[in-house]
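Worksheet for the structure shown next.
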Amino acid sequence: MNVNDTASPSLRARKKAETWSAIHEAAAGLALEHGVEGATVEAIAAAAGVSPRTFFNYFPAKEDAVLGMRAPELDPQLLEGFSLEHDLLGQVSRLLLAVTRSAYAGRDAERRRRLLQDHPGLGRRRHELTLEAEDLVRRTLAELLARDPHWSAGIGEHPVDDVARMLVILGGVPLRFAITAESYSPAHGLPAEDHDSALTLFHRLQEKLS
């Protein structure tokens, strides 16, 4: 019998987390030393003390391992108190930020920044994961809208899927505004107060345009 079969859930989770971290650290270190091209899956697996097969059990691509990123997740707790009747765009923007952040499992943001700067190709994978986060939020919103009698018919000829997509695009505007500000630091992430400030401007602009 495999010892992992009898391990407690917490022990298994800890071992999985340790293996994930070992692979990520090996991948990031090799990429910094030899470049992304030189950091092959075989070299990463060997440095982490695992097999290439085990590598792919944890990461779908070496770029994810190098960046310390994983598929974004939407924790159901994020929807507690979520309302379609009050500050919907603000709530969507905060939800987008939380789900996007869930993909950044590696904690060394400064190293990630250096890797992205030195190897622009890695930015494509980060963008793909950002799009995955946006799609996850869009699908969740579409489900919420479809269950609400005030929204379920959509708007005009546009069904709830279109409405949800538009809400996600609009909810992303304050985020883009905040991360393109001169004061934004990729190494330190987006402070809550900067996001709140961008949301305030967004709401005031809506009022002025309406």
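The opening position of the sequence shown corresponds to residue 1 in the UniProt record's numbering, with each subsequent residue numbered one higher.
Every residue, glycine too, gets a C-beta built ideally from N, C-alpha and C.
Residue nearest to H24 within the set G38, L67, K16 is L67 (criterion: CA-CA distance). L78 places its beta carbon less than 7 Å from that of A98. A distance below 7 Å separates the beta carbons of A164 and L141. For A17, the enclosing alpha helix (DSSP H) begins and ends at 9-38.
Judged by DSSP in its simplified three-state form, S210 adopts coil rather than helix or strand. With a beta-carbon spacing of about 7 Å, V168 and V92 fall inside the 8 Å limit used to define contacts. Going by C-alpha positions, E73 is about 17 Å away from A65. Membership of G68 in any alpha helix (DSSP H) is not indicated, and neither H nor E is assigned to it by DSSP. No Cβ-Cβ contact shorter than 7 Å links H119 with V41. Per DSSP, the beta bridge partners of H158 are I155. H195 sits buried, since 16 or more C-beta atoms from the chains shown fall within 10 Å of its C-beta.
Annotation: S210 to D87 spans about 16 Å, alpha carbon to alpha carbon. Burial state of A71 is exposed, judged by a 10 Å Cβ sphere holding fewer than 16 other Cβ atoms.
Leaving aside the five residues that flank G171 on each side, the residues in its chain whose CB is nearer than 7 Å to its CB run, in chain order, L89, V92, S93, L96.
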